[in-house]
Every structure is written in C-alpha cells, then in structure tokens.
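Chemist:
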Amino acid sequence: MGDCIFCKIANGEIPAATIYEDEEFRVILDLGPATRGHALILPKTHAANIYEMPDELVGKAMILAKKMAVRMTQALGCDGFNVVQNNGEAAGQTVFHFHMHLIPRYEKDGAMVSWKPGKLTDETREELLEKLK
Ligand code: AMP
Ligand code: ZN
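With the working numbering, letter number 14 in the sequence shown gets 47, and the count goes up by one each step, no holes.
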C-alpha cells in the first residue's frame, strides 16, 4: 500500500512518537489525542480494517492492547481506559489502515466514548436473534 500513511509510520519510513515496537506492531502517540497519553496500535502489515485482518494478528493486537493498558495505567496513573477500534466511515474511521485506540481516562476528563441508549423492543430482539444467532 504505497500511499498508506500508517504503513509508512508503522514501518519507520515516517517518524512518529513510538512508545512500543516489536516485529509485528508499532504503538505511537496519537497526533490529535482525546486525552493525555492517547496512543494507537498499528500493525506493520497493511489491512484496511478488522474484516481484512488475519485472525492471528487480531488476537495478538488484543493481547498487546492489554499489555499497553497495564503499562500505561501504571505510568500515567489514569483512572480508567478505553480500547476503541473503528471500521468504516460510518463508524468514524478516518485512516484506512487497521488501528486500535488506547485511550487513558481520567476522572472528569470530558472525553467522550459514549452513546445515548435506545430501547431493545421485543420485535427487534426476535428479528436480531433470527439474523445473528
Ligand atoms: P480513526 O478515526 O479511528 O481512523 O482514527 C485515526 C486517528 O489517527 C485519529 O485519532 C488521528 O488523530 C490519528 N492520526 C492521524 N494521522 C496521524 C499521524 N500522522 N500520527 C499520529 N496519529 C495520527
Ligand atoms: Zn497501511
């Protein structure tokens, strides 16, 4: 993927503030952080989104997210932690190279990873069970 900025960052062609690196991933500080310490896990191989990611790499990314959450929570003294991963424009994805957001949370930080709860009706529940089970 010649034009993919996260490919270039992940593989060291464009410099970025790296807080962790191994053979398969680079973790960098987000340039537009939601909170202090907001970071991104980038795989070094290109996949646009979770649908394109090999299963094994998704598993490794999640294990890395846990490791980083523990490490960052200790280092930053945050009060909570969001792991967020967007797929597709409709879901808020703006860079089309798979990434996981690591967002340290602090009491009353004002950052938002939330939604207004709707209501699961009997009809919708049955329809969804039929489609998804
Ligand atoms: P998403 O909306 O899930 O696609 O997230 C893209 C994220 O990448 C945003 O939080 C941006 O602030 C961040 N971002 C975009 N370009 C860069 C860059 N060159 N270095 C670091 N973070 C970036
Ligand atoms: Zn890429």
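Ideal placement from N, C-alpha and C gives every residue a C-beta, glycine not left out.
1) Which residues does DSSP list as the beta-bridge partners of residue 137?
2) Nearest by alpha-carbon distance to residue 99: which of 78, 135, 75 is it?
3) What separation, rounded to the nearest whole angstrom, lies between the Cα atoms of residue 147 and residue 117?
4) Comparing C-alpha positions only, which one of 161, 104, 78 sits nearest to residue 72?
5) Contact between the segment 118 to 138 and the segment 67 to 83 is defined here as three or more beta-carbon pairs at a separation below 8 Å; is this criterion met?
6) May I ask which residues mark the beginning and end of the beta strand (DSSP E) holding residue 129?
7) Does the Cβ-Cβ distance between residue 131 and residue 81 come in under 8 Å?
8) With DSSP run on the structure shown, which of helix, strand or coil describes residue 69?
9) Tell me the DSSP secondary structure of residue 62 in three-state form.
10) Please say whether residue 74 and residue 62 have beta carbons closer to each other than 8 Å?
11) Under the rule that 16 or more other beta-carbon atoms within 10 Å means buried, what is residue 145, buried or exposed?
12) If residue 43 and residue 76 are in contact, beta carbons under 8 Å, what's the gap, nearest whole angstrom?
Modeler: This is what the structure holds:
1) Its beta-bridge partners are 114.
2) For residue 99, the closest C-alpha among the options 78, 135, 75 is that of 135.
3) Residue 147 and residue 117: Cα-Cα distance of roughly 11 Å.
4) Nearest to residue 72 by alpha-carbon distance, out of 161, 104, 78, is 104.
5) Between the segment 118 to 138 and the segment 67 to 83, the count of C-beta pairs closer than 8 Å reaches three or more; the two stretches touch.
6) Following the DSSP letters along the chain, one finds residue 129 in no beta strand (DSSP E), marked with neither H nor E.
7) The answer is yes: Cβ separation under 8 Å.
8) It is coil, neither helix nor strand.
9) Of the three classes helix, strand and coil, the one that applies to residue 62 here is strand, per DSSP.
10) With respect to residue 74, residue 62 sits apart: the two C-beta atoms are not nearer than 8 Å.
11) Answer is exposed; the Cβ neighbour count stays below 16.
12) Sure, about 7 Å apart at Cβ, within 8 Å.
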